[in-house]
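K.L.:
Okay, so the sequence shown: first residue is 3 according to the working numbering, each after it adds one. Take this structure first; my questions come after.
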Amino acid sequence: MQYLCKKQLVVGGITYYPGNIVPEGVILPDRSLKLERNNYISEINKECEETSVSGQEGFTQEQVDHMIDNAVLEAVAKIEGKVSIQVVIKRESGEGDHIVVLVTQMEIQQVFSIMQMNVEEAVKEIAEIKNENMLILLHAIDNRKMIKEASKKQVDNLYSENRSDNSNTIITHTEGVDT
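Set out below in structure tokens:
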């Protein structure tokens, strides 16, 4: 069994430093339990071994980019007092596009209020919305055709008014997104 070295350790004349992998067979099974209890080593999770590439653990560039995008959004959200919501928009092909939007709690409450309205009232309310992220959220989660159309139309209106802020939305897997 392989282990991850957590504290500097000398085994069989070889020094292992924190972060090094101690190969299988180097540590005797009866000794490994004591080293684990004293936090010198930890057993490498078999799931991690299965996801490794060529024996090295790591992430693809796409995964790293996605993690960075999410971390930036979370930081911005905390600063602005907003919540980051990831929505998957499914297309007819069954594939989904991931969209992350930043909204405040009040905006979320307004979205849910609109979802509870009848179509005529909701369309009137949507025409007054000036926040693209709320419109994207409504378009993504409300399945009523007129609500989707009204949300899309209002986004188009906002674009025609030369919006000044479009930095709070990240769209990944953008092919075929219809917002």
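All C-beta atoms in this analysis are idealised placements derived from N, C-alpha and C, irrespective of residue type, glycine included. Note that the structure is a prediction, hence the values are computed from the model and not measured.
(1) Ordered along the chain, which non-local residues of its own chain (more than five positions away) have a Cβ less than 6 Å from that of Glu51?
(2) For Met3, which of Gly15, Glu38, Val121 and Pro20 has the nearest alpha-carbon?
(3) Measuring alpha carbon to alpha carbon, tell me which residue in Tyr5, Ile149 and Val74 is nearest Ile29.
(4) According to DSSP, simplified to helix, strand and coil, what is Val13?
(5) Using a Cβ-Cβ cut-off of 7 Å (strictly less than) and excluding sequence neighbours within five positions of Val113, which residues of its own chain qualify?
(6) Over the uninterrupted beta strand (DSSP E) stretch that includes Val43, give me the two end residues.
(7) Nearest CA to the CA of Ile128: which residue from Asp67, Leu35, Leu160 and Ala73?
(8) Just reading off the beta strand (DSSP E) that Tyr5 is part of, what are its end residues?
(9) Let's see if you can read the secondary structure: which residues bound the alpha helix (DSSP H) around Asn159?
(10) If you draw a straight line from the alpha carbon of Glu123 to that of Val157, how long is it in whole angstroms?
P.N.:
In brief:
(1) Caution applies to Glu51, whose pLDDT of 46 falls short of 50 and renders its modelled position unreliable; the model cannot decide the point.
(2) Glu38
(3) Tyr5
(4) strand
(5) Met136, Leu139 and Leu140
(6) The sequence given here places Ile at residue 43; Val does not occur at that position. Looking at the DSSP string, the run of the beta strand (DSSP E) that includes Ile43 is Ile43 to Glu45.
(7) Leu160
(8) Tyr5 to Cys7
(9) Lys147 to Ser162
(10) 18 Å
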